[in-house]
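The block underneath contains the structure these notes are about, expressed in structure tokens.
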Amino acid sequence: MRFIANYTNKVDRKGRVSVPARFRTALAESAWPGIVVYESFKLPCLEASAREYIDALSDRLTSDFGAFDDEKEALAAAILGAAFDLPFDSEGRILLPQSLLEFAGIDDAAVFVGVGEKFLIWSPEAWERYRDEQRARARSAAARLGALGRQAPRHPEAAAGDGA
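Taking this note's numbering, I'd label the letters of the sequence shown as residues -8 to 155.
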């Protein structure tokens, strides 16, 4: 399951927000009817995924680091220890706990941003700032790639010469 695109949805005064329909469609293959949401330890937003993603992440932490590794414990505490299982209601909404709303600065709207196997939930203002920063970084990276591209042949046959 992959999540792409971004959607802005209203958050009601109780903290309920509708997960975008396309995300719910992708999540329909999950065995659990809801999502897992946790505070990002890298960005000022929330991270969310299907239960299977979290299960695989937990397994990978143990296999990559070992059961008692300090780095594994730090990552497990930051992600798994801060995670909430949030079931969908009959209208496809989740109820975001107050602590998550406060962490991400979400008030009356939330932006859902697909980033592959998971998605991010941002306040609109924080998302705009982050998106603008990332676009600037992407332009810089593209410029570097463009400069590299001018130095390398475009096609394999061009590298071999034209035989003339």
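We treat Cβ as the ideally placed atom computed from N, Cα and C, and that holds for glycine.
Please give me, in chain order, every unbroken run of the alpha helix (DSSP H) with length at least 4 that falls completely inside the region 82 to 128. 89 to 95
Check your understanding: Since Asn0 and Ala101 are thought to touch, with beta carbons under 8 Å apart, how far apart are those beta carbons, to the nearest angstrom?
Key -> Within the sequence shown, numbered from 1, the residue matching residue 0 stands at position 9. Within the sequence shown, numbered from 1, the residue matching residue 101 stands at position 110. At roughly 6 Å, the Cβ-Cβ gap stays under 8 Å, so Asn0 and Ala101 are in contact.
DSSP state of Leu18 mapped onto helix, strand, coil
The residue labelled residue 18 in the question sits at position 27 within the sequence shown. The answer is helix: DSSP assigns Leu18 an H, G or I state.
Close beta carbons around Lys63, own chain, < 6 Å, minus the five adjacent residues each side
Residue 63 sits at position 72 when you count from the first residue of the sequence shown. Excluding sequence neighbours, Lys63 sits near Leu52, Phe56.
- Item | Extent of the continuous beta strand (DSSP E) to which Phe75 belongs | The residue you call residue 75 lines up with position 84 of the sequence shown. Residues 75 to 78.
Terminal residues of the alpha helix (DSSP H) in which Lys63 lies
Residue mapping note: residue 63 aligns to position 72 of the sequence shown, counting from 1. Its alpha helix (DSSP H) spans residues 61 to 70.
Taking DSSP's pairing of strands, which residues face Ser40 in a bridge? Counting from one through the sequence shown, the residue named residue 40 turns up at place 49. Paired residue(s): Val27.
| Can the beta-carbon of Cys36 be found less than 9 Å from the beta-carbon of Ala129? | Residue 36 sits at position 45 when you count from the first residue of the sequence shown. Residue 129 sits at position 138 when you count from the first residue of the sequence shown. Contact flag unset, no.
| Taking the C-alpha atoms as reference points, what is the distance between Asp153 and Ala127? | In the sequence shown, residue 153 corresponds to position 162, counting from 1. In the sequence shown, residue 127 corresponds to position 136, counting from 1. Note that Asp153 has pLDDT 49, beneath the 50 cutoff, so the model's placement of it is unreliable and the number below is only indicative. Their Cα atoms are separated by approximately 39 Å.
Review point. For Arg51, which of helix, strand or coil comes out of DSSP?
Key: Sequence index remark: in the sequence shown, residue 51 carries index 60 (1-based). Three-state result, Arg51: helix.
On the CB-based measure, 16 or more other CB atoms within 10 Å of its CB, does Ser114 come out buried or exposed? Looking up residue 114 in the sequence shown gives position 123. By the neighbour-count criterion, in which 16 or more other beta carbons inside 10 Å mark a residue as buried, Ser114 falls on the buried side.
What does a CB cutoff of less than 7 Å around Pro24 pick up in its chain, not counting 5 residues either side in sequence?
Against the sequence shown, residue 24 aligns to sequence position 33. Here the set comprises Pro78, Phe79.
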